[in-house]
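**Q** Take a look at this one; I'll ask things after.
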Amino acid sequence: MSVVGMLVRQLLRYGLYAGAYILLISQLSLFDRGWCFFYLGFLLFLPLGTPVAVQLLLGFAMGLTMDITYDTGGLHAAAAVLLAYLRPWVLRLLTPRDGYDAQDSVNVHQMGWQWFMVYLLLLVGLHHLAYFLLELGSFRHFGLTLTRILASIAFTSVAMLIVQLLFFPVRRGRG
178 MSVVGMLVRQ LLRYGLYAGA YILLISQLSL FDRGWCFFYL GFLLFLPLGT PVAVQLLLGF
238 AMGLTMDITY DTGGLHAAAA VLLAYLRPWV LRLLTPRDGY DAQDSVNVHQ MGWQWFMVYL
298 LLLVGLHHLA YFLLELGSFR HFGLTLTRIL ASIAFTSVAM LIVQLLFFPV RRGRG
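All residue numbers for the sequence shown refer to our numbering, where the first residue is 178 and numbers rise by one.
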């Protein structure tokens, strides 16, 4: 795929994840304790070969879009940049013995359930921990915040798993 084609594809993905979150998913809650941060799918499912600097810029752009939309003063941007910063570390941590192939992507069908769930829960968990602790600004109501973090991790992770199962192609399996 050409560079222009890849750029157009990523811009469309950006618009789809941001638009779906802003127009529909942000209105959903899980018992008023958990929220689905659907826009994270854009960052989580970037191609494995995406340079770190580009990931950081995309994380900031996506977070800033959410902050401008919801007037959250940089909470989304800070947490999304943290996710983009930690993603290469998590990918290195989870590198298969044979390494990643050039055509590999973050795909539950391709990488396997165990790999995908560790990847997803680590990054979503770290993002949510940063987001909700920054939102709280103290440890005064930590029990309630911990409930919100755990419920949101569950809600977001299930949504990302559904996206993977519905929209990512089934390809060859890993050994």
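Built from N, CA and C at the ideal position, the CB exists for glycine as well.
Assuming Leu223 contacts Leu263 (C-beta within less than 8 Å), just tell me the rounded distance between them.
**A** By 1-based counting over the sequence shown, the position of residue 223 is 46. By 1-based counting over the sequence shown, the position of residue 263 is 86. Not really, about 13 Å apart at Cβ, beyond 8 Å.
**Q** Considering only residues of the region 301-346, which uninterrupted alpha helix (DSSP H) runs meet the minimum length of 4 residues and lie entirely inside it, listed in chain order?
**A** Listed in chain order, they are 319-344.
**Q** So, for Arg351: in the same chain, excluding its five sequence neighbours on each side, which residues have a beta-carbon less than 6 Å away from its beta-carbon?
**A** Position 174 of the sequence shown, counted from the start, is the residue given in the question as residue 351. Only weak support exists for where Arg351 lies, its pLDDT of 48 falling under 50; the value from the coordinates is given anyway. Cβ within range, chain order: Gly289.
**Q** Residue range of the alpha helix (DSSP H) that Phe356 falls in?
**A** With the chain covering only 178 through 352, there is no way to say anything about residue 356.
**Q** Within the continuous alpha helix (DSSP H) that includes Leu221, where are the two ends?
**A** Residue numbering aside, residue 221 sits at position 44 when the sequence shown is read from its first letter. Per DSSP, Leu221 belongs to the alpha helix (DSSP H) from 217-221.
**Q** In three-state DSSP terms, what is Gly192?
**A** Here residue 192 refers to the residue found at position 15 of the sequence shown. The answer is helix: DSSP assigns Gly192 an H, G or I state.
**Q** Mapping DSSP to helix, strand and coil, what is Gly182?
**A** Within the sequence shown, numbered from 1, the residue matching residue 182 stands at position 5. Here Gly182 sits in helix by DSSP.
**Q** With Trp266 as the anchor, note down where its alpha helix (DSSP H) starts and where it stops.
**A** Here residue 266 corresponds to residue number 89 of the sequence shown, with the count starting at 1. Here the alpha helix (DSSP H) through Trp266 covers 252-270.
**Q** Distance, Cα to Cα, Val340 vs Leu297?
**A** Position 163 of the sequence shown holds residue 340. Position 120 of the sequence shown holds residue 297. Roughly 12 Å separates the two Cα atoms.
**Q** Per the contact definition of three or more C-beta pairs closer than 8 Å, is the region 226-235 in contact with the region 201-211?
**A** Contact fails between the region 201-211 and the region 226-235, because fewer than three Cβ pairs, one in each stretch, are under 8 Å apart.
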